[in-house]
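Q:
2 protein chains.
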Amino acid sequence: MRITLIGSGNVATHLAAAFKNAGHRIVQVYSRDMQNAALLAYHVKAEAIDDLQNIDTETDLFIISVKDDAIVSIAESLVRYKKLTVHTSGATDLQSLSAIIPTAGVFYPLQTLSKNKEVDFLTVPLCIEGANEQITLELEQLAQTVSNKVYRIDSAQRKTLHLAAVFACNFPNYLYDVARQLLQDQRIDFELIRPLILETAQKVQGHLPGEVQTGPAIRNDENTMAMHTQMLEDEPGLKMIYELLSQGIIKNDKGGH
Amino acid sequence: MRITLIGSGNVATHLAAAFKNAGHRIVQVYSRDMQNAALLAYHVKAEAIDDLQNIDTETDLFIISVKDDAIVSIAESLVRYKKLTVHTSGATDLQSLSAIIPTAGVFYPLQTLSKNKEVDFLTVPLCIEGANEQITLELEQLAQTVSNKVYRIDSAQRKTLHLAAVFACNFPNYLYDVARQLLQDQRIDFELIRPLILETAQKVQGHLPGEVQTGPAIRNDENTMAMHTQMLEDEPGLKMIYELLSQGIIKNDKGGH
Numbered sequence: 001m002r003i004t005l006i007g008s009g010n011v012a013t014h015l016a017a018a019f020k021n022a023g024h025r026i027v028q029v030y031s032r033d034m035q036n037a038a039l040l041a042y043h044v045k046a047e048a049i050d051d052l053q054n055i056d057t058e059t060d061l062f063i064i065s066v067k068d069d070a071i072v073s074i075a076e077s078l079v080r081y082k083k084l085t086v087h088t089s090g091a092t093d094l095q096s097l098s099a100i101i102p103t104a105g106v107f108y109p110l111q112t113l114s115k116n117k118e119v120d121f122l123t124v125p126l127c128i129e130g131a132n133e134q135i136t137l138e139l140e141q142l143a144q145t146v147s148n149k150v151y152r153i154d155s156a157q158r159k160t161l162h163l164a165a166v167f168a169c170n171f172p173n174y175l176y177d178v179a180r181q182l183l184q185d186q187r188i189d190f191e192l193i194r195p196l197i198l199e200t201a202q203k204v205q206g207h208l209p210g211e212v213q214t215g216p217a218i219r220n221d222e223n224t225m226a227m228h229t230q231m232l233e234d235e236p237g238l239k240m241i242y243e244l245l246s247q248g249i250i251k252n253d254k255g256g257h
Numbered sequence: 258m259r260i261t262l263i264g265s266g267n268v269a270t271h272l273a274a275a276f277k278n279a280g281h282r283i284v285q286v287y288s289r290d291m292q293n294a295a296l297l298a299y300h301v302k303a304e305a306i307d308d309l310q311n312i313d314t315e316t317d318l319f320i321i322s323v324k325d326d327a328i329v330s331i332a333e334s335l336v337r338y339k340k341l342t343v344h345t346s347g348a349t350d351l352q353s354l355s356a357i358i359p360t361a362g363v364f365y366p367l368q369t370l371s372k373n374k375e376v377d378f379l380t381v382p383l384c385i386e387g388a389n390e391q392i393t394l395e396l397e398q399l400a401q402t403v404s405n406k407v408y409r410i411d412s413a414q415r416k417t418l419h420l421a422a423v424f425a426c427n428f429p430n431y432l433y434d435v436a437r438q439l440l441q442d443q444r445i446d447f448e449l450i451r452p453l454i455l456e457t458a459q460k461v462q463g464h465l466p467g468e469v470q471t472g473p474a475i476r477n478d479e480n481t482m483a484m485h486t487q488m489l490e491d492e493p494g495l496k497m498i499y500e501l502l503s504q505g506i507i508k509n510d511k512g513g514h
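One line per chain: the protein sequences are F and H, in this order. Going by my numbering, the residue at position 145 of the first sequence is 145; the numbering climbs one at a time, nothing skipped. With the second sequence counted from 1, adding 257 to any position gets you my numbering.
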């Protein structure tokens with residue numbers, strides 16, 4: 001397929017590389033910032049553009065991978081080409097795009113993608129939605145050329161997945177950073193805690209998290225929790241996080257939500 | 258070495274197996290509950306006891322791996338044997354034990370250990386502390402027979418490590434469960450989000466968490482955050498967690514603590 005990337009951020013970068021590796025042709029990479037466009041375009045042997053007036057019409061698919069609030073205005077610039085056009089946003093419904101471009105779809109990779117970290121794209125779950133069955137099928141087949149985990153997910157489900165991803169990825173990563181800060185204050189290397197972080201994630205690959213919860217809250221070890229909140233006395237934000245999450249663990253254990 | 262396990266919980270179970278595999282002899286396993294003692298004892302070919310009066314004195318090391326608030330009373334029962342005695346608690350200082358038994362130490366595995374999940378013990382960081390240099394050295398050498406990651410950690414550092422572990426492990430695991438609940442409400446399989454959980458942990462094996470933070474908070478994507486908190490309207494606890502952790506990410510990004 002001939003593919004045009006609109007955007008040069010984390011998602012655009014990983015998608016462009018995955019499509020290129022799977023034998024597709026990346027025609028152009030657009031970014032408002034020519035340097036960003038040029039950097040990604042160089043890696044995937046595409047043309048870099050910073051003006052949507054310079055779109056090469058010899059393409060089969062526009063992938064809009066920009067900030068959520070820029071999707072609509074980009075779509076308005078692309079409507080006249082009448083091409084298959086997808087966005088890659090977890091939080092934006094299909095309707096936002098298909099109201100402008102009827103041949104619309106969504107191509108949402110459910111993974112944390114950073115430019116500076118390679119990822120085996122075959123293991124990245126791709127959530128697909130099309131404005132009609134033909135588009136869905138076309139996107140599904142395209143997705144299967146780059147990933148072994150392709151799912152049909154509608155806009156309501158995708159919104160929930162995106163929220164769940166914040167809890168399963170963005171927040172844990174922040175808590176890793178809190179741990180790093182606590183250790184740094186005592187001059188302890190973050191390296192000591194890396195195996196624990198990895199094992200915690202590996203444990204839930206074959207189990208449900210509720211089956212493998214450990215720590216003072218699940219043991220209802222009040223002395224330790226009291227000592228921990230006292231250690232956080234000078235960090236009221238962290239203390240509140242400690243208390244809220246501990247309460248959540250205790251409540252879950254009692255069968256609550 | 259001839260080793261006696263006092264306790265039959267998650268930590269005792271993994272330690273007993275690791276020592277047994279490394280060629281040490283597990284003499285006895287004690288638990289107040291004979292069934293628990295017998296189960297672990299069977300796996301490591303030891304004798305099970307549920308009464309500390311039945312301690313076999315032909316042992317080199319007592320490992321006290323019980324609830325933190327039971328350590329002192331157990332130590333008082335063991336003092337007369339005058340053996341090398343360690344506890345395995347992250348939250349308990351050496352002094353609590355060495356005040357009773359002078360030949361005391363700490364043997365703290367910094368890992369999340371569940372009976373139902375195997376772990377490669379060679380990769381488990383072991384934090385060692387001894388009441389004197391000779392004991393420290395002896396524990397260090399013992400630790401090196403079961404793990405490639407042995408660290409000398411004093412009681413103050415261990416307390417911080419234990420707190421950091423709650424943030425790096427127990428809380429992320431709870432957040433995985435929150436994600437599972439959100440998905441379940443929309444009948445989406447937890448399987449979809451497992452690769453995301455694993456990649457999030459793998460990313461920080463070679464990077465620092467601050468370098469790979471993703472999601473709406475770090476992008477300051479206020480529309481998405483507003484949508485998410487609205488989706489959590491019926492879950493005030495989760496909504497508060499969402500807001501606190503998002504604020505933490507935003508504050509961190511601005512160089513705050």
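Ideal placement from N, C-alpha and C gives every residue a C-beta, glycine not left out. Predicted model only: the values in this text are computed from it and were never measured.
For a test of the three-state rule: what should DSSP assign to F:T229, helix, strand or coil?
A: Here residue 229 of chain F corresponds to residue number 229 of the first sequence, with the count starting at 1. F:T229: helix per DSSP, three-state reduction.
Q: Smallest Cα separation from F:T59: which of F:A46, F:A226, F:T123, F:E118?
A: Taking the first sequence and counting its residues from 1, the one referred to as residue 59 of chain F is at position 59. For the residues F:A46, F:A226, F:T123, F:E118, the minimum Cα distance to F:T59 belongs to F:A46.
Q: What residues from the stretch 130-157 of chain F come within 9 Å of chain H, judged by C-beta to C-beta, listed N to C?
A: Answer in chain order: K149, Y151, I153, A156, Q157.
Q: Would you say the beta carbon of H:M497 comes nearer than 7 Å to a heavy atom of the ligand NAD?
A: The ligand NAD is not part of the structure shown, which contains no ligands of any sort.
Q: With 8 Å as the threshold, decide whether the Cβ of F:I241 is near any Cβ in chain H.
A: In the first sequence, residue 241 of chain F corresponds to position 241, counting from 1. By this cut-off, F:I241 is an interface position.
Q: Going by DSSP, what residue range makes up the beta strand (DSSP E) through H:L341?
A: Position 84 of the second sequence, counted from the start, is the residue given in the question as residue 341 of chain H. Element bounds for H:L341: 341-344.
Q: Please determine if the stretch 460-473 of chain H and the stretch 103-116 of chain F are in contact, where contact requires at least 3 C-beta pairs separated by less than 8 Å.
A: Yes, the stretch 460-473 of chain H touches the stretch 103-116 of chain F.
Q: If we cut at 8 Å on Cβ distances, does F:H257 have a partner in chain H?
A: Along the first sequence, read from residue 1 onward, the residue named residue 257 of chain F stands at position 257. Note that F:H257 scores a pLDDT of 43, beneath 50, so its modelled location is shaky and nothing firm can be said.
Q: Name the DSSP beta bridge partners of H:V286, please?
A: Locating residue 286 of chain H in the second sequence gives position 29, where the first residue counts as 1. According to DSSP, which records beta bridges pairwise, H:V286 is partnered with H:L262, H:A305.
Q: With DSSP collapsed to three states, give me the class of H:E492.
A: Position 235 of the second sequence, counted from the first residue, corresponds to residue 492 of chain H. Coil, per DSSP.
Q: Any idea what DSSP makes of H:H514, helix, strand or coil?
A: In the second sequence, residue 514 of chain H corresponds to position 257, counting from 1. With a pLDDT of 43 at H:H514, under the threshold of 50, the predicted position of this residue should be treated as unreliable, and no value is reported.
Q: Looking at the structure shown, is F:I101 part of a helix, part of a strand, or coil, going by DSSP?
A: In the first sequence, residue 101 of chain F corresponds to position 101, counting from 1. Of the three classes helix, strand and coil, the one that applies to F:I101 here is coil, per DSSP.
Q: So the alpha helix (DSSP H) F:I294 belongs to, where does it begin and stop?
A: No information on residue 294 of chain F is available, as it lies outside the stretch 1 to 257 that chain F covers here.
Q: Return the CA-CA distance between H:L351 and H:Q414, expressed in angstroms with no decimal places.
A: Taking the second sequence and counting its residues from 1, the one referred to as residue 351 of chain H is at position 94. Taking the second sequence and counting its residues from 1, the one referred to as residue 414 of chain H is at position 157. Each residue's alpha carbon lies about 12 Å from the other.
Q: Measure the C-alpha to C-alpha separation of H:H514 and H:G505 and round it to an integer number of angstroms.
A: Residue 514 of chain H sits at position 257 when you count from the first residue of the second sequence. Residue 505 of chain H sits at position 248 when you count from the first residue of the second sequence. Residue placement at H:H514 cannot be trusted, given a pLDDT of 43 that sits under 50; what the coordinates show is reported in the next sentence. Computed Cα separation, rounded: 8 Å.
Q: Tell me which same chain residues have a C-beta within less than 6 Å of the C-beta of H:A332, skipping the five on either side of it?
A: Counting from 1 along the second sequence, the entry for residue 332 of chain H is found at position 75. If we look at H:A332 and ignore the five residues flanking it on each side, its Cβ neighbours are L354, I357, I358.
Q: Say whether chain F places a C-beta atom closer than 8 Å to the C-beta of H:N509.
A: Within the second sequence, residue 509 of chain H is the residue found at index 252, counting from 1. H:N509 counts as touching chain F.
Q: Using C-beta distances below 6 Å, list every residue in its chain close to F:R25, excluding the 5 sequence neighbours before and after it, in chain order.
A: Mapped onto the first sequence, residue 25 of chain F falls at position 25. R2, listed in sequence order.
Q: Which residues in chain H sit within 8 Å of F:D177, going by Cβ to Cβ distance?
A: Within the first sequence, the letter at position 177 stands for residue 177 of chain F. The answer, in chain order, is L465, P466, G467, Q470, N509.
Q: The alpha helix (DSSP H) with H:R337 in it runs from where to where?
A: Here residue 337 of chain H corresponds to residue number 80 of the second sequence, with the count starting at 1. Element bounds for H:R337: n/a, residue is neither H nor E.
Q: Any C-beta of chain H within less than 9 Å: which residues of the stretch 2-26 of chain F qualify?
A: Cβ contacts with chain H come from N10.
Q: Can you give me the start and stop residues for the alpha helix (DSSP H) that H:R437 sits inside?
A: What you label residue 437 of chain H is simply residue 180 of the second sequence in a count that begins at 1. 428-442 is the span of the alpha helix (DSSP H), which, as asked, contains H:R437.
Q: So, H:V286 versus H:A273, is the Cβ gap smaller than 8 Å?
A: Position 29 of the second sequence, counted from the start, is the residue given in the question as residue 286 of chain H. Position 16 of the second sequence, counted from the start, is the residue given in the question as residue 273 of chain H. Yes, Cβ-Cβ distance for H:V286 and H:A273 is below 8 Å.
Q: Quick one, which residues of the stretch 434-460 of chain H are near chain F if we go by CB-CB under 8 Å, in chain order?
A: Correct list: D434, V435, A436, R437, Q438, L439, L440, D442, Q443, I445, F447, L449, I450, R451, P452, L453, I454, L455, E456, T457, A458, Q459, K460.
Q: Does the stretch 139-158 of chain F come close enough to the stretch 120-131 of chain F that 3 or more CB-CB pairs lie under 8 Å?
A: Yes, since at least three Cβ pairs between the stretch 120-131 of chain F and the stretch 139-158 of chain F fall closer than 8 Å, the two stretches touch.
Q: Can you pull the DSSP bridge partners for F:F107?
A: Here residue 107 of chain F refers to the residue found at position 107 when the first sequence is read from its first residue. Note: F:F107 sits in a beta bridge opposite F:I128.
Q: Check the Cβ of F:T224 against every Cβ in chain H and list those closer than 7 Å, keeping chain order.
A: Residue 224 of chain F sits at position 224 when you count from the first residue of the first sequence. Within chain H, the residues near F:T224 are D325, A348.
Q: CB H:I445 to CB F:A201, shorter than 8 Å?
A: Here the question's residue 445 of chain H lines up with position 188 in the second sequence. Here the question's residue 201 of chain F lines up with position 201 in the first sequence. In this structure, F:A201 does not lie closer than 8 Å to H:I445 by Cβ.
Q: What in chain H is Cβ-close to F:A168, meaning under 7 Å?
A: In the first sequence, residue 168 of chain F corresponds to position 168, counting from 1. Correct list: L432, Y433, A436, I450, L453, I454.
Q: Going by DSSP, name the residue or residues bridged to H:I320.
A: For the purposes of this step, residue 320 of chain H is taken as residue 63 along the second sequence, with counting starting at 1. Beta-bridge pairing links H:I320 to H:L262, H:V343.
Q: Between H:R289 and the rest of its own chain, which residues show a CB-CB distance below 8 Å, the 5 nearest in sequence each way excluded?
A: Sequence index remark: in the second sequence, residue 289 of chain H carries index 32 (1-based). Within the same chain, H:R289 has close Cβ partners D307.
Q: By the DSSP assignment, the beta strand (DSSP E) with H:V376 in it spans what residues?
A: Here residue 376 of chain H is taken as the residue at index 119 of the second sequence, counted from 1. Looking at the DSSP string, H:V376 is not in any beta strand (DSSP E), and its letter there is neither H nor E.
Q: When you compare only the Cα positions, how much space is there between F:I153 and F:T4?
A: By one-based count along the first sequence, residue 153 of chain F stands at place 153. By one-based count along the first sequence, residue 4 of chain F stands at place 4. Cα to Cα, F:I153 sits roughly 23 Å from F:T4.
Q: Does any residue of chain H bring its CB to less than 8 Å from the CB of F:D221?
A: Taking the first residue of the first sequence as 1, we reach residue 221 of chain F at position 221. Answer yes: the Cβ-Cβ gap between F:D221 and chain H drops below 8 Å somewhere.
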